[in-house]
Structures are given as structure tokens and as C-alpha cells.
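**Q** Have a look at the structure that comes next, please.
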Amino acid sequence: MEYNFRAIEARWQAYWRAEDVYRVTEDPSRPPYYVLDMFPYPSGAGLHVGHPLGYIASDIFARYKRLRGFNVLHPMGYDAFGLPAEQYAIQTGQHPEVTTTENIRRYREQLDQIGFSFDWSREVRTSDPEYYKWTQWVFIKLFHSYYNNATGKAAPISELIAHFETEGTKGINVAESDALSFTAEEWRSWDKKKQMQTLMNYRLAYLGETMVNWCAALGTVLANDEVQDGVSVRGGHPVEQKKMQQWCLRVSAYAGRLLDSLNDLEWSESLKESQRNWIGKSEGAEVRFPLVGGDGAELTVFTTRVDTIYGVTFMVLAPESDYVPMVTTTEQQAAVDEYLAATRRRTERDRLSDRRVSGVFSGSYATNPLTGEAIPIWISDYVLAGYGTGAVMAVPAHDSRDFAFARHFGLPIIQVVVPEGEEATDPATWEESKDSKSGVLINSGIITGLSVTDAIAKMKAHITSEGLGQVKTNYRLRDAIFSRQRYWGEPFPIYYDADGTAHTISEDELPLCLPEVDKFLPTSDGQPPLGRAKGWHTAEGFPYELSTMPGFAGSSAYYLRYMDPHNDKALVGRDKNAYWRHVDLYVGGAEHATGHLIYSRFWNKFVYDLGLVVEDEPFRKLVNQGMIQGRSNFVYRIKDTNTFVSLGLKDQYDTTPIHVDVNIVYNDQLDLEAFRAWRPEYATADFILEDGKYICGWAVEKMSKSMYNVVNPDMIVERYGADTLRLYEMFLGPLEQSKPWDTNGIDGVHRFLRKLWGLYYSADGLRVTDTPATKEELKSLHKLIRKVTQDVEQFSFNTSVAAFMICINELQGMKTASREVLQPLLILLAPFAPHIAEELWHAIGEETTIVAAQWPECDEKLLVEDSFKYPVSFNGKTRFTIELPREASQDEIREAVLSADEAQKWLEGKTPKKVIIVLGRIINIVL
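Note that full-length UniProt numbering gives residue 590 to position 590 of the sequence shown, counting from 1, and the numbers run on in steps of one.
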């Protein structure tokens, strides 16, 4: 019987679907295990072979945990809102929902044919109003909450209002945008509009002025990862920094908790370090620098090295800082305006990565509060407004970027008498800057001779006692900009009253659905596309918010919705959450380390504060799969002809390499007729062949349509089958490493499956018998059980596939037919190649699905070796080996070796002077 993978895979996919094999319900009698993939954005291009890599790995693990007795939740859905669908709608006029629905249909078709064990009854789509109802609901809760630093959790804004009514700001310790101060009397005297404006300073979802990446051509704010080299990734349009009023989430309030709980997560250290750096905890001090001639005005700076304050020779402001208009003099206004205009064309990411020095003098000076010296105030884009106060005290002798700035502009560089154990920055090069002056300033004995830690502590105490500043802990983590001027996104559950004050709609009005618009473009007066909607207002006539939520809104809590997807009364029922608790294994790309993962953790901690979930961390273990790179192929055209020469002959001609579609190349051999049909200009192509074949060149590059190296998994499944695709993607290399796709190796994996099939079927039919297995057969099986179990637990799937190949070769050599070996072998294989495993499982007489089988346990006793193969040396040189029982004594070993036929050749009739035997190691005969 032949291995007909097409019929087998179609049959079992239909069976799993009809029998609802992968549907899961809460079962208190079984331990839960939640396996989750980062759900895909359904693009029109569909999946290429790089996309399923993580899904296959998580599917193997989910199936393995089921076989180990766990009740496994393994859902899938779609991150269905997004800019690509909107841009396509703008170009074609087709509604994004139509495009998205068609793309989802295509994705589902591709995912199904690969044989994933998803519970599709729990599917979510972020563009479904029944889903984004709960995104809107969480936003309402955020709007009506503040963060109480004293208790370390979110609380209802009504509690803060009650405090303001009786105490004003006295005694509050809360997360806030600005440090406001007012009395209870002042609060009570304000009208409703003024009170609501003030509360925006404290809400966890608030309207605030913030710098954004604005793309005028797209008419929307862009996230940092949507901008590259000053232009939009989508369309390549210019992007500038612009201050706009946007909805924001006060993620920064949770910075400390986000940082601290990283220690308890089973994530890679590199990923944790990425988050730690992004959150960026800095313990330091805020110091006030009075403006020279500023009538009491001050600049407040944050520094982690307050002990170096005597070395300050200038100050630097971020271009976006509110201090800039305060300090810019009339004489410097034009130069400052020109510099600010240039800076607006660069994103923060560009500014952080670019080490070029630029800046402009403001014209003003500040006073060093300890030395009384006047120091110039500069403006430079290496300082960011969102970190600290957007102003820094520059100490060029002790900071590399300050040093570069000072050298570039000829500013003084003064070395403080450094605390013990510290070196100043590159002092040997100070004199290279001819316009700089350098020297040493004794620091009045305040910190002389102290260690760095003690010097910082003593200086903090000094500036605090002298009223010059205060101790402060800062975080680099910014509040999330939550507005997008787009159509295809979640509408905000917000309306504006006659005074322009924002209010949330009532929860029983959710979901607030996207309205129809005539075009998906901004209005003629620059309003977002929702400004085109007719009737986009409340029953009372108050207008709804015109912006929509960003892409990460829908992905921030989707893992919770999977636990209880059909609940129309709650985001997730507490009973369902109490059972599943958290995601046990999360698989996805490392590119989400500082975006999605931060926001999801923030979102989860917030709903945890509300008492809606039982754990404050959503993802217990996280694995980042690597990228599958493309393997490009080239043909070589002889210049000024339509003739193509094979790789081995190309050096004999003047040729130009041309990328060719890898889907018409097999093992680097070009399908000539397919090439002629590929593009009209090649219809009359001629070929110079080698050995009757056209061999293409190749290179490893990013998988891209422009390089024609995108491999469609449908073609692999059609040609080799889904099980081959699954095994091959795992066999390419370690899961977490990037590796090139190489179709040349897929034949070997497919041959392995055919060889496996041959263990169960011969030309005469099924060959499995009830004959007891031999000791060697059991040993081969149990080596595999131990290896695969260890590998799956460690996500070393590539070595598991290799172990399967070795085992099948051993069993084939022993002509194994015993059910005792071949039945558990299928269970081991089932997570990797579920279709062939299910087919053979039923072929050998099993009646229930292999999905419900029990994972075999390794019997270590079967792996204990009864004999040892000794290397036998003569005068230190190994000449042959001999296998002897492990329990053999020294005398028995000596007798067996000296009487062996191989020994006679080297003894040559001589009597050994000595026979050295190290049990279980070596034998050395000295002549």
C-alpha cells in the first residue's frame, strides 16, 4: 500500500473537524495548560513558509501536553484591524471589512491544511464588534480610574474626586502628568469643565498634548515601528514630529510593577533585558537651576549622577521641551526655529541611533546652584522630552554624549575630583578641541574620596537639605499614544459635550460600532475619516470622538477573551479565568518585545487591579521563534540577448544575474517551460545547459516578493504533504535561531516519512504483528522516548526530528514489525506529523483518535548496556575493538583479548610483558 499523503491528510482533517477533536472545555479533573500563538494580521498575500514556524512549534507542544494528560487550550484568531487594509480601501474604494474577511478566509484555508490543533470555536477577530466591545469597555474603566502610588494599584477616579472635595491635593501620592497643587476650596469653586480638565491629569486614559509621528500624506499618527528613516514604512511618505492632543494610556504608572515582575517570568534573559532597558529605571535627583535674569524662573533637570554637578559647563534642552520658548532670546529665535523645523523631520528612534552632533544656542544662561556660575543653555536632539524633565545638566568630562557635544561646539570641559573607582570620560583627548578649556575643580570636600555610591548619596542629602532639589526615581517608559486618525480601528466610546469636554458613553451602549463613510480619507478640513460619517453623534447630538484606537488595542487582551469568547456579560468570566489563569506558553516574534508585550502586561495588571483576573502577569513562559530567511535563485542572462546560461558556464560569458521565482526551481534546477511562461519577455528564452540541465545560482536573503523567493506553503503541501512541511520546518535548525529556507533538503524529510510508512506496510499489506519485541528493538524505542521527551520540553524540535530518523533506520535494519514498538512510536510522532500518525494508528487497530492517547514513559532499565566495546591498544596504539560483558572480570577480559583472532596478528607469537585493563574504558597490551 502506497503512502498517499493527499488522501490521508484530507481524510483526517475532515475527521478532526467533524468530531470536534480539538474543542476544549473547562475540566476540573484535568490540569489546564494554555498554549498561545501571537495571532496574525491577515494580509492579502496569505501565508508564506516563514509564518507557520512558530505555529508548528506551539502545535507540537500543545499536542504533546494533551498526550501527557493536560487539558490544553490552543486557540487562534486574527488581529484584523490595521493600516494595510485601510490603504487598500483608499486605493480601491473597497470596504476594509470586505478585504479583511476575504483575507481571513484565505488564512483559515491555509492553516487548516497544515493540520493545526486549534480550537476554532474560540476564534476571535479584533474587527468584530462583539470583540471590540470589550476593548471599549476596558477603555471606559481606564478613563474612570487613577493610579494610587501609595497602594500600588489602580482605583476608581471617584475616590480621588472625594479626596479633592475635602483635602484638595494635600497628601495625595498618585501618578500624574504634572504636579498640580490646589486646595479643596479651589476645587469646589471650579465649574464642571475645569474639574474635568483637571482630572485628565490623573486618569489612566487621558487626553494630553504629546509629540507624535505625524504623516500628512496618510493623514494619521504612526507608531515608531511604522516609521523608518524619516518616512512611513507604508508608502514611503514624509513623517514629522508634531505636538498634538491625543488619547494616551498612563502605562508609565505601572513602570515599577512591570519591571519587578519580570524576575518571575520564564522568558529569555535577552528578552527581559530588552524590557528592562525599555522601562529604563533610573534613581537620581531633580535639581533646580535658576535662569540668569529670569525673575525667579527655574529649569529642573533630572540626573542620576548628582555628584558630578560641579562639572556642569552647559545645559541642554530637548527640542520639544516647554522650556525652549521660555529661554530662547530674540537674537537666537531664527536659528532656534530653523533647528526645531529640522528636528521635526526625525523620529525619536532616529535621534537615539544617530551619533551625529547637532544643536543650537538658546541665548540664555542658568546658574549652577552649587557654584553660582552662569552656564549656557543649548538645545539638541540628543535629549528627549519624554525622559526626566527634557532638560539635562551637561557634564562633558563624565558623559560621552555631553563630551562629544562640548568638543563639537567648543564648550568647556571640567573634570570634577572624581569619586574613588571612577574614570573621567576620555581625558586624553580634551586638548584636541582647541577652543575648549579644561581643568580640575576641587569639589569643596563634600564628596572627596568617597566611593561613587556614597558620593551620590551624600550629594542627594546635600541638595535636599539645602532646598535645591529632591530625590527622584524616573522611568524611560512613556505613556502610550492611543489615538490614530484612521477609519479601520476600534471607535472610542467617547463623546464631547457642548463645552468640548470628553465623556464616556454608558456601558450598556457598547459596542459603539464603526459607521459607514463615503471615503476612507481625511475630510477636506483635515479631520479623520470618521468626520465623514453621517449621524456620528449621540442621541442628544453630541459628537463622538473622530479618531480610532491603534492596532495594539485589540491585541492587548485577546488572550483573556479566548478563555471565555462567547460571554456577552464580561470580558472574561472569573470562573473561566480562575481555571486557565494565564498563558502557560506564548510563542511569537522577538520584534514585539517592547510593544505588544509591554502593553499586554500593562492591560492585564490593570484588570487585575479591578479584580477581574486572578493573576497580574499574562504570559508565564515565552519563546521567540527565529525568522525563516529566503533562499533566492538566479538565472544568468547573456548581455543584450534573451539567452540564459547555466551556473557552471556563466563565467565564459558576459552575464547579468536576475532573480527568478523559486517556485519554478527544484533543487536549484530551473523548470525551463515554467520560466518561459513566467513572464512575457521570457517566452522566447534560449538556454545554454550543462549536462542537459539549467542550474541556478542561489543566495540567502530576506524573504520578499521583490526577490521572488517567497515560498507558498500551499505548494509544499501539494507536492510533499503537510506532515513533510511540519517536520521540515522543525528540522531546519533550532527554533529560536534564524535560518534559510532551502527546498533542496525537503526531499530527505519526505523520504523519511515514506520509510516510516514502510515499517507498517509492505507490498502485501499491513505488516504489524503481535510478536514480542526484541531487547534491541525496545532499546531503540526507549532511547527515542527519552530523547524526544527531553527535546520537546526544551523546544529542541530539530534534534527530535533527527532522533526519529535514526530510530527508523535502526528499526528498519532490525526488520521490526512488533506492535509493542510500532504502536508507541506513533504516539511519539503524532505531535510532529499528526496525519500519518493518525492514519497508521487506526490501521493497526486503534479505534479512538491518537490525539487522546497517552504519552509513553521511558524505561531506563532497557537502556542500561549489558556489554562494552573495549578499544584494544598495543604499545599505546589502538588496533581493534572487542565487545565483552560489563560484568566480566579482569582475568576473563585478559583471556578473551589474548585469544581473539585480531590479537594474534599483533602479538606475532610474543608473550606480553603486561596487560593493562581499565574496566569500562580501555585495554593496553605492552609487548
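We put the CB at the ideal spot given by N, CA and C, even for glycine.
1. Closest to R601 by CA distance: which of Y475, Q275, A62, P528 is it?
2. For the stretch 590-647, which segments carrying the beta strand (DSSP E) assignment without a break, of at least 3 residues, lie completely within its bounds, in sequence order?
3. Going by C-alpha distance, which of D191, T504, L778 is nearest A205?
4. Which residues mark the beginning and the end of the alpha helix (DSSP H) in which L199 is found?
5. In the DSSP assignment, find the beta strand (DSSP E) that holds G208 and state where it starts and stops.
6. Out of curiosity, what's the CA-to-CA distance linking R561 and P376?
7. Would you report the Cα separation of S800 and N809, rounded to the nearest angstrom?
8. Mind checking which residues open and close the alpha helix (DSSP H) that includes Q87?
9. With V726 and F832 assumed to form a contact (beta carbons below 8 Å), what rounded beta-carbon distance in angstroms separates them?
10. Starting from the C-beta of G230, find all residues in its chain whose C-beta is less than 8 Å away, skip the five residues before and the five after it, and write them out in chain order.
11. Whole angstroms are fine: how far does the CA of G171 sit from the CA of G152?
12. Taking just the CA atoms, how far does V24 sit from P618?
13. Is the separation between the beta-carbon of F675 and that of V660 shorter than 8 Å?
14. Look at the alpha carbon of R305 and the alpha carbon of P156, and state the distance between them as a whole number of angstroms.
15. Using beta-carbon positions only, say whether W12 and E839 come within less than 8 Å of one another.
16. Which term fits E432, buried or exposed, when burial requires 16 or more other beta carbons within 10 angstroms of its beta carbon?
17. Could you give the DSSP three-state label for P129: helix, strand or coil?
18. Classify M326 as helix, strand or coil using the three-state DSSP reduction.
19. Since V336 contacts I379 with CB under 8 Å, what's their CB separation in whole angstroms?
20. Looking at the structure shown, is R288 part of a helix, part of a strand, or coil, going by DSSP?
21. How far does the beta strand (DSSP E) with R879 in it extend, from its first residue to its last?
22. Our contact map puts I923 next to V872 with C-beta atoms below 8 Å; I'd like the distance itself, whole angstroms only.
23. Alpha carbon to alpha carbon, how far is H398 from K458? Give it in angstroms, no decimals.
24. Hey, quick one: how far does the alpha helix (DSSP H) through G332 stretch, first residue to last?
25. Which residues in the same chain have their Cβ closer than 6 Å to the Cβ of P427, if we skip the five residues on either side of it in sequence?
26. Cutting at 6 Å between CB atoms, please list the residues of its own chain near D435, excluding the five before and the five after it.
27. Quick one: what does DSSP say E810 is sitting in, helix, strand or coil?
28. Taking all protein chains shown into account, decide if Y586 is buried (16 or more other Cβ within 10 angstroms of its Cβ) or exposed.
29. Could you tell me which whole beta strand (DSSP E) segments of length 3 or greater appear in the stretch 114-165?
30. On the three-state DSSP scale, how would you describe D354?
31. State the DSSP-derived secondary structure class of N263, mapped to helix, strand or coil.
32. Determine contact between the stretch 93-110 and the stretch 550-559, defined as no fewer than three beta-carbon pairs at a distance below 8 Å.
33. CB-CB under 7 Å to T220, same chain, minus the five flanking residues each way: which ones, in chain order?
34. For W757 versus Y254, is the C-beta distance shorter than 8 Å?
35. Can you give the Cα-Cα distance for R631 and L670, rounded to whole angstroms?
36. Do the stretch 612-628 and the stretch 564-579 make contact, defined as three or more Cβ pairs closer than 8 Å?
**A** Here's the rundown:
1. Q275
2. 619-624, 628-638, 643-645
3. T504
4. 192-199
5. 205-215
6. 55 Å
7. 14 Å
8. 83-92
9. Before going further, note that residue 726 is Arg rather than Val in the sequence given. The Cβ separation is near 6 Å, so the contact holds.
10. P238, V239, R345, R346, T347, D350
11. 15 Å
12. 20 Å
13. yes
14. 37 Å
15. yes
16. Unreliable positioning characterises E432 in this predicted model, as indicated by a pLDDT of 38, which lies under 50. A coordinate reading is not provided.
17. helix
18. helix
19. 6 Å
20. strand
21. 877-885
22. 5 Å
23. 18 Å
24. Looking at the sequence shown, residue 332 is not Gly but Gln. Run containing Q332: none; DSSP gives neither H nor E here.
25. A caution first: P427 carries a pLDDT of 43, below 50, which makes its placement in the model too unreliable to give a value.
26. Low local confidence applies: a pLDDT of 37 at D435 is under 50, so the model's placement there is unreliable, with the coordinate-based value given in what follows. So the qualifying residues of the chain are G410.
27. helix
28. buried
29. 145-148, 153-156
30. coil
31. helix
32. no
33. R484, Q485, R486
34. no
35. 14 Å
36. yes
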